[in-house]
Amino acid sequence: MELKDFNIPFTGLKEGKHQFEYQIDNSFFKLFDFDEFNETAIKATLEFHKKATMLELTFNAIGTVNVNCDLTNEPYEQPIESNLDLIVQFGNEYNDENEEILIVTHGEYEINVAQYIYEMIVLAMPSKRIHPGIEDGTLESEILEKLEELQPGTGKKETEEETDPRWNTLKKLLTDNK
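For the sequence shown, position 131 (counting from the first letter as 1) is numbered 131 according to UniProt numbering, and the numbering increases by one without interruption.
Structure follows, in structure tokens:
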């Protein structure tokens, strides 16, 4: 897989809607030096609507990404479903500062959509990756057991004697001022 596989030569396309499909795997993410996914199986589709003065692109991605849990480091399948809309307009100079509008120069004849597919998939990942077995209690892991064991406040409440004696002096100052 190469970046040029994601070039769409729009000058040769008739006005109207066109469909493009891409099977995304780990080789795609290697193009971007991104190695956080163990395995990737995503189908990305692009509805490419060519109009007289602009292009409307609608990206969709659905599939799974195998990643390691942030808590236990256990691998699991993270479902991915995402979409992205992009309008391509023609102007005097290239401008990609707006995330929803891309301006390409009038002489341009093709557009590479790889960066948009990459961003759509990476941004669809949850910020905290938690194995579904943790949430439903089915995951058995040594790391998870150790985390539960070391969790603060596991039933034992602090009593007055366990409090640092220096706090008592501070509490006395509070009560003396009233």
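Quick reminder that beta carbons are idealized off the backbone N, C-alpha and C, glycines included. Keep in mind it's a predicted model, so treat the numbers as computed, not measured.
Just mark residue i as buried or exposed, buried being the case when its beta carbon has 16 or more other beta carbons within 10 Å.
{"i": "residue 175", "result": "exposed"}
{"i": "residue 101", "result": "exposed"}
{"i": "residue 156", "result": "Here the model assigns residue 156 a pLDDT of 48, short of 50, so the residue's position is not dependable, and the following value carries that caveat. Exposed, because fewer than 16 other Cβ atoms sit within 10 Å of the Cβ of residue 156."}
{"i": "residue 3", "result": "exposed"}
{"i": "residue 34", "result": "exposed"}
{"i": "residue 27", "result": "exposed"}
{"i": "residue 172", "result": "exposed"}
{"i": "residue 13", "result": "exposed"}
List the residues that DSSP assigns as beta-bridge partners of residue i.
{"i": "residue 49", "result": "17 and 56"}
{"i": "residue 108", "result": "Bridge partners of residue 108: none, in fact."}
{"i": "residue 151", "result": "Note: residue 151 sits in no beta bridge, so no partner."}
{"i": "residue 82", "result": "61"}
{"i": "residue 44", "result": "22 and 61"}
{"i": "residue 179", "result": "The question about residue 179 has no answer, for the chain in this structure spans 1 to 178."}
{"i": "residue 39", "result": "66"}
If contacts are defined as beta-carbon pairs under 8 angstroms, then residue i and residue j qualify, I think. What distance do you get, rounded to the angstrom?
{"i": "residue 44", "j": "residue 22", "result": "4 angstroms"}
{"i": "residue 179", "j": "residue 114", "result": "Any answer about residue 179 is impossible in this case: the structure gives the chain only from 1 up to 178."}
{"i": "residue 75", "j": "residue 66", "result": "6 angstroms"}
Pick from the options: whose alpha carbon is nearest that of residue i?
{"i": "residue 73", "options": "2, 33, 10 and 37", "result": "37"}
{"i": "residue 89", "options": "111, 62, 120 and 53", "result": "53"}
{"i": "residue 106", "options": "3, 11 and 7", "result": "11"}
{"i": "residue 8", "options": "55, 79 and 35", "result": "55"}
{"i": "residue 126", "options": "112, 69, 108 and 171", "result": "69"}
{"i": "residue 25", "options": "84, 18, 62 and 87", "result": "62"}
{"i": "residue 210", "options": "1, 39, 17 and 57", "result": "Summary: the structure shown does not reach residue 210, with the chain confined to residues 1 through 178, and so no result is reported for it."}
{"i": "residue 39", "options": "60, 59 and 77", "result": "77"}
Just the Cα atoms here: how many angstroms apart are residue i and residue j?
{"i": "residue 64", "j": "residue 91", "result": "38 angstroms"}
{"i": "residue 5", "j": "residue 152", "result": "52 angstroms"}
{"i": "residue 51", "j": "residue 15", "result": "5 angstroms"}
{"i": "residue 108", "j": "residue 96", "result": "14 angstroms"}
{"i": "residue 117", "j": "residue 134", "result": "30 angstroms"}
{"i": "residue 166", "j": "residue 99", "result": "55 angstroms"}
{"i": "residue 29", "j": "residue 131", "result": "22 angstroms"}
{"i": "residue 112", "j": "residue 82", "result": "19 angstroms"}
{"i": "residue 85", "j": "residue 71", "result": "34 angstroms"}
{"i": "residue 47", "j": "residue 110", "result": "15 angstroms"}
{"i": "residue 49", "j": "residue 93", "result": "22 angstroms"}
{"i": "residue 128", "j": "residue 104", "result": "36 angstroms"}
{"i": "residue 1", "j": "residue 17", "result": "25 angstroms"}
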